[in-house]
Structures are given as C-alpha cells and as structure tokens.
Amino acid sequence: MAKITIDNLRHSYLSQPSRDEDYALKRVHLDWADGGAYALLGPSGCGKTTLLNLISGLLPPSEGKILFDGRDVTHDTPEKRNIAQVFQFPVIYDTMTVYDNLAFPLRNRGVDEADIKTRVETIADMLELTSTLKKRASGLTADGKQKISLGRGLVRSDVNVIMFDEPLTVIDPHLKWQLRSKLKELQQRIKRTMIYVTHDQTEALTFADQVVVMNNGEVVQTGTPIELFDKPRHTFVGHFIGSPGMNFLPCDVRDGKAMVGGQAIVAGNAKAAGKGKLELGIRPEFVTFSKSGLAADVVKVADIGRVRVVETKLASGHSVKLIVPEGDDIPTGKVHVSFAPAHTHVYENSWLAGDTSRAAS
Amino acid sequence: MNKIQNNKAWFFVIPVFILVAFNALVPLMTVVNYSIQETFGNNEFFWAGSTWFSDILKSDRFHDALGRSLVFTAIVLAIEIPLGLGIALCMPKKGPWVSVCLILMALPLLIPWNVVGSMWNIMALPDVGLLGRTVNALGIDYNYTRQPFSAWVTLILMDVWHWTSLVTLLCYAGLVSIPDAYYQAAKIDGAKPLAVFRFIQLPKLKHVLTIAVLLRFMDSFMIYTEVVVLTGGGPGNSTTFLSIDLVKYALGQFDLGHAAAMSLIYFLIILFMSWLFYTLMMREETSP
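Top line first, the protein sequences correspond to chains S and C.
By my numbering, the letter at position 286 of the first sequence is numbered 287, and the numbering carries on one by one without gaps.
By my numbering, the letter at position 148 of the second sequence is numbered 161, and the numbering carries on one by one without gaps.
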C-alpha cells in the first residue's frame, strides 16, 4: 500500500521525440493518497493506458519520476514495484486450476504452502470463487476468469497498488454491474490503492473517489465525480462527462456579464474572462423553459427513461439541450430558455475562465 | 414439439461425396481389390483372401523395414520438434530482422525433395563433397555409401535441415499470436522465464505443436524421394524404409497383391499413429 507521486512524467513511443505531438503522454503531475480509489477516464488513445503501464513499470518513461511512498521506483521492474494489474482481456494460466492460478504469484515469491492455502482461500471466498477452486481455470466464463486475474493481484497482501485496464470490456452487460459493485465493495473493505482505467464515464464515476480526466496525453481535470459534473475545468470534460454533455455557446463578456445573442446572462466567473475565444457552458440539467430568456425553437424530444432530453435551436443556429423530468409539459415551437446562474460558467480558450488551479500544460 | 423429417438436405452432400469418392475412396478400393487377389497380368484375377496380409505380417523383411521407419521417425521427431521450438523462441518478435529470419527459415522448404536429396548426396560424398571431405579430413571415417551408420547420420541431418523450418514457422506463428498481456501478467506475478515457457508459451502452443508433430510424423514416416536419391535404400538394406520397400515390391518385383496389402497396412499404421498422437496431445482439452 502506498502513496503514489507522479512527477513531471512524460512518455513518447518514438526514440527521438522533438515536438509536443511526439509524446503520447505530455507532462503529468499527480498525487494519489494511500488507499484511494482512482479512475483514469478519457477517450481511446488519450494516453491513459500509457500512464497505467508507466506506473506499473511495463514501460520506462522518457522523462520524469514515479515515487511510491516517496521512494523512487522509476527504474524498477513491475515485480520490484510490487503492483498488481488486471488487463482488458482476462489473463489466466490455462493449464492450472483456479487454486494454482491464485497461488502462482505467491509460489513465485517463495511463500510456504500453508500460508498460500490460507491466503488463497480468503481471497477465493471474497471473490466467490471457492466452489471452483479445484476446476481448471480455462473452463470458466469471462467474468470468472477476470475474477481470477483480480484474485492474483489480491492474494499478495503487500501490493502497493492494484491497477485495472478497462477490466469489464469482455464481460456481459448484466454481469458488468455486478462485478463493478464487487470491485467497489472490495476497495472499501481492503483499503488498497486502486487505479481504474476506462473510457466509460459510468464505470469511472461509480468506482472512483477521484477521477482523472485525460485527453490528448494531458490531464484535463482531477476531481471528485461531483466536481467534474458541477464545474468542468475544460470544455472537453463538459462534453465527455454527463449524458448528454454540457451545452456550449459562443459568447462575449460586457460589464462582467456574458452576452449571448444580444442578451445578458449571469455567470459566476464572467468577470475573470479575458480576451480569448469565449464560450458559455451550462449543463442540460440546469436549463429550464421560462417566460423570458433566450429565444429558441424546439427541435427534438428524446425519452431516455426517467427524463426526457429536449433539443432546442437558438436563432444563431446553436443547439441547447434541456433535461425535463417525466410528467412535466414540454412546450412546442417558439420557446424561451434560461440558465441557472450558479451552474453557468464562462470558458476562455476552452479552459474555465479565472481558474488558477488549472493543471500545468 | 413435432420434429419435421426432411432429408432433402442430404442432396447437398452429394457433390462432396463425389469429390471424396474420386480422390480417396475409388483409388483406395482399387488397392483393396489388388490386396485380396492374385494376378498374373492379362487382367486375370484369382481370389487370394488374406494370404498377402498374413504373409506380410509374418515376414522379417516387413518387420525390419517397419522398424527402420519407426526408428527414423522417432529420431527425426525427437530432434526437429524441440529444435524447431527452440529456434522459434530465439527469433525476434519485431523489427527488420523478422523478415530476414522468416525468409532464411522458409528457404529449405522451397527446395524440391529430389533436389534436396541430390544436394546432400553431392555434399556428403567422401571424396569430393564439401561435408564428406571435411569430416574425413578431421580424422573421422565417414562414407555414407558404405557405412550404414554414416548413411543414417546423413539422412537424419538432411531431414533436420529440410524440415525443422516447418516446425519453427508453425511455432513462431503460435508464439507471436500470444497477447502481450500474458507476458505482462507473468512479469507482475513474478514468474521466471522457465515458468513463462511452462505455463504460458507451451500451453498456448499446444495446437500448433500438435499439428507440427502430426505433419512431421506423417512426412517422415512416408519419406521416399530424398532417401532414394541419397542412398537408394542402402548400403545393403540399412536405409530401406517402408516406402522404399513398398516400391521395390510394386515396381521392382511387380508383386501387385503383396504391394497392395502392404500399402493398406502402411496406411492403417499411419492412420492409427496419427490418431494416437492427436488423442494424446489433445486429451487435456476435454477433461474438466
């Protein structure tokens, strides 16, 4: 178990990187507390798996340092770092039984058989694998195999961190939910540092205490799920998290007020906005129909279960989405929409205006 | 539920049946026909029953040839399978050397069998061949045209040279298809290289190795061309394998009934051995 510090980490798959674009991971700083549940969230190719492999030691970084509890492990092998990793596809040793699979990491480290037995049985019990211990691992279903992969990480009582690289990719949808809650429950029970890589926001937001959103090899925002939802620091986070994503409208700022289509809109951080390209961001959850406000036309209504998503179009041609609870009336034709001031933010060059805690880029 | 009886689908099997009949069953039945009759030409046949079969099964000549074939195959498999696997494990997995290695490995496979025989025949000649001369110059008495042992060594060397590549290429294909995650997981689990080989590479190569063993068994058990060109079955009868003996009966002595019965026995041995190898190597798959 360890506190993880990632200091100025960069990585390029090229041997002679010169430009910024050559880096798959562009300078990342992170501090992760011991025993926390973290998620790395981002679209495919954003560098999250690269970051994970750097932490696990499967890749050597081009620059920067990785510290476990203040100890520099940048050049240590995965074995020396004492980490565990669960991969996208279940990795099991086909010829072994489930018991032998779980015992394998301990046997490699020369633990004596009696200790192995107690450890394996505890973990098998935790993962509900006890009834299959004597079976050959190759005969299990995908979720069973993935549990074995996870179990091999859990049997070692001293692992510094357990990492998950999109572990639910090959799991059936109805089992995904089960395995995910199992993971969360385990995390709370054993208080081991866990890092979970995914491109699925539901997985990330339900699993992690802290979510690191990545895009284009950079960390765009680190925060709790609530922070990511309420105050996205970058338009990318606004788009990526939430369903549907945040509405963004081009705007100007005059006298500390955001102006959209000639109408003033109150936004908390409008005063901080500078001269860059400005946009106004508002989550569909905080847009309502009103008597006054921006004029718009209702274009489309989609029922997604307990709520409905209404798409409207402003005179300028930009669309604004609203979320309307079931049972509420939806006007048709010409309407007016207004935004909740506390949840309306101004973005300058895609970054939240006036935000000083912005990640170094 | 009512089960609908509809056997019209069998019509679709007819083309395949005809194809199989013409390329396998009909020729095979011809051989069966010869094997139970005696003929003196002129298209006259006399019933012989199982005479040919019992003659062969009792004959020392057959036992010797069968023994030689089995020993040869056993030696060849014992060398080529581990060697081919070893070479495949040493080959680079990526980079410009991959294609160089693959081409080098594939070269022996592209050479016609009789050319392989001629090459080794000339190379191993004790007076003018590069190999034969060198070995003799080293003080080792080597002459494959006179010493059975030299002849065997030459044949085995030739077969290893010719066919190890096949095993290598099959194993290599199997190796590169193992996902990286397995090696990474093994690294994280602290597995030593030997354990990686034992628990990841070998189990993942099981299928290609089975195919390699089957192919090499069948080919080496039926080896003919190279041996005929290199030693012609000699010196004496020391390299007269089943295939060569069979041709001697069929074309040398024109003993068609005998040869036909021998062909069938030969065929059944190969069929049985292939089944045996396959079942033994695949048996773990089915057990729970």
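All residues carry an ideal CB built from backbone N, CA and C; glycine is no exception.
Establish whether the CB of residue i and some CB of chain S are separated by less than 8 Å.
i: residue 301(C); result: Low per-residue confidence applies at residue 301(C): pLDDT is 40, beneath 50, and the placement is therefore not dependable enough to give any value.
i: residue 216(C); result: yes
i: residue 106(C); result: no
i: residue 203(C); result: yes
i: residue 8(C); result: Absent from the model: residue 8(C). The displayed extent of chain C is 14 to 301, so no value can be given.
i: residue 192(C); result: yes
i: residue 259(C); result: no
i: residue 124(C); result: no
i: residue 231(C); result: no
i: residue 224(C); result: no
i: residue 198(C); result: yes
Taking CB distances under 8 Å as the criterion, tell me whether residue i reaches chain C.
i: residue 147(S); result: no
i: residue 92(S); result: yes
i: residue 207(S); result: no
i: residue 362(S); result: Bear in mind that the predicted position of residue 362(S) carries a pLDDT of just 38, short of 50, making it unreliable; the figure below should be weighed with that in mind. Closer than 8 Å: no.
i: residue 80(S); result: yes
i: residue 88(S); result: yes
i: residue 290(S); result: no
i: residue 57(S); result: yes
i: residue 25(S); result: no
i: residue 356(S); result: no
i: residue 125(S); result: no
i: residue 109(S); result: yes
i: residue 95(S); result: yes
i: residue 143(S); result: no
i: residue 105(S); result: yes
i: residue 153(S); result: yes
i: residue 85(S); result: yes
May I ask you to list the residues that DSSP assigns as paired with residue i?
i: residue 305(S); result: Partner(s): none; residue 305(S) has no beta bridge.
i: residue 174(C); result: Looking at the DSSP assignment, residue 174(C) forms no beta bridge with any residue, so it has no partner.
i: residue 349(S); result: 279(S) and 352(S)
i: residue 283(C); result: Residue 283(C) pairs with nothing; no bridge assigned.
i: residue 337(S); result: 296(S)
i: residue 10(S); result: 29(S)
i: residue 85(S); result: 163(S)
i: residue 60(C); result: 50(C)
Taking C-alpha atoms, which residue in the options lies nearest to residue i?
i: residue 1(S); options: 205(S), 85(S) and 107(S); result: Only positions 2 to 362 of chain S appear in the structure, and residue 1(S) is not among them; the question remains open.
i: residue 364(S); options: 175(S), 40(S), 85(S) and 154(S); result: Any property of residue 364(S) remains undetermined from this structure, which presents chain S solely from 2 to 362.
i: residue 177(S); options: 162(S), 145(S), 164(S) and 158(S); result: 145(S)
i: residue 180(C); options: 200(C), 135(C), 99(C) and 35(C); result: 99(C)
i: residue 269(C); options: 21(C), 18(C), 43(C) and 29(C); result: 43(C)
i: residue 205(C); options: 244(S), 110(S) and 211(S); result: 110(S)
i: residue 279(S); options: 34(S), 114(S), 169(S) and 350(S); result: 350(S)
i: residue 227(S); options: 212(S), 240(S) and 241(S); result: 212(S)
i: residue 326(S); options: 318(S), 309(S), 332(S) and 337(S); result: 309(S)
i: residue 153(S); options: 200(C), 178(C), 135(C) and 136(C); result: 200(C)
i: residue 30(S); options: 37(S), 47(S) and 66(S); result: 66(S)
i: residue 172(S); options: 141(S), 196(S), 163(S) and 160(S); result: 141(S)
i: residue 120(C); options: 27(C), 182(C) and 96(C); result: 182(C)
i: residue 102(C); options: 264(C), 190(C) and 247(C); result: 190(C)
i: residue 264(S); options: 4(S), 340(S) and 5(S); result: 340(S)
i: residue 78(C); options: 281(C), 34(C), 284(C) and 246(C); result: 246(C)
i: residue 99(S); options: 129(S), 342(S) and 115(S); result: 129(S)
i: residue 290(C); options: 281(C), 224(C) and 272(C); result: 224(C)
i: residue 281(C); options: 171(C), 109(C) and 41(C); result: 41(C)
i: residue 231(C); options: 114(C), 97(C) and 256(C); result: 256(C)
i: residue 316(S); options: 298(S), 307(S), 331(S) and 155(S); result: 298(S)
i: residue 92(S); options: 227(C), 193(C), 234(C) and 56(C); result: 193(C)
i: residue 210(S); options: 103(S), 20(S), 16(S) and 186(S); result: 186(S)
i: residue 34(S); options: 197(S), 147(S), 69(S) and 207(S); result: 69(S)
i: residue 314(S); options: 328(S), 331(S), 336(S) and 324(S); result: 336(S)
Within 7 Å: the Cβ of residue i and any heavy atom of the ligand ADP?
i: residue 61(C); result: By its list of ligands, the structure shown contains no ligand whatsoever, and the ligand ADP lies outside what it can speak to.
Sequence ranges, alpha helix (DSSP H) only - wholly within the segment 198-259 of chain S, length at least 4: Unbroken alpha helix (DSSP H) stretches of 4 residues or longer found wholly inside the segment 198-259 of chain S: 202-208, 226-231 and 236-241, given in chain order.
Entirely enclosed alpha helix (DSSP H) segments - the segment 101-146 of chain C, minimum 4 residues: 110-119 and 126-136
Segment contact flag, the segment 188-206 of chain S with the segment 12-31 of chain S, C-beta cutoff 8 Å, min 3 pairs: In short, these stretches do not touch, since the Cβ pair count stays below three.
Beta strand (DSSP E) segments (min. 3 residues) lying fully within the segment 282-326 of chain S: 288-304, 308-315 and 320-326
Contiguous alpha helix (DSSP H) assignments of at least 4 residues, all confined to the segment 17-77 of chain S: Segments of the alpha helix (DSSP H) lying fully in the segment 17-77 of chain S: 49-57.
Every unbroken alpha helix (DSSP H) within the segment 111-175 of chain S, with a cutoff of 4 residues, ordered by chain: 114-127 and 143-155
Given 8 Å, three or more beta-carbon pairs between the segment 78-90 of chain C and the segment 225-240 of chain C: Touching, per the Cβ criterion.
Cβ contact check for the segment 261-277 of chain C and the segment 213-220 of chain C: 3 or more pairs under 8 Å: no
Any 3 or more C-beta pairs closer than 8 Å across the segment 60-79 of chain C and the segment 140-158 of chain C: Output reads no: the segment 140-158 of chain C does not touch the segment 60-79 of chain C.
Alpha helix (DSSP H) segments (min. 4 residues) lying fully within the segment 212-262 of chain C: 219-234, 238-243 and 255-260
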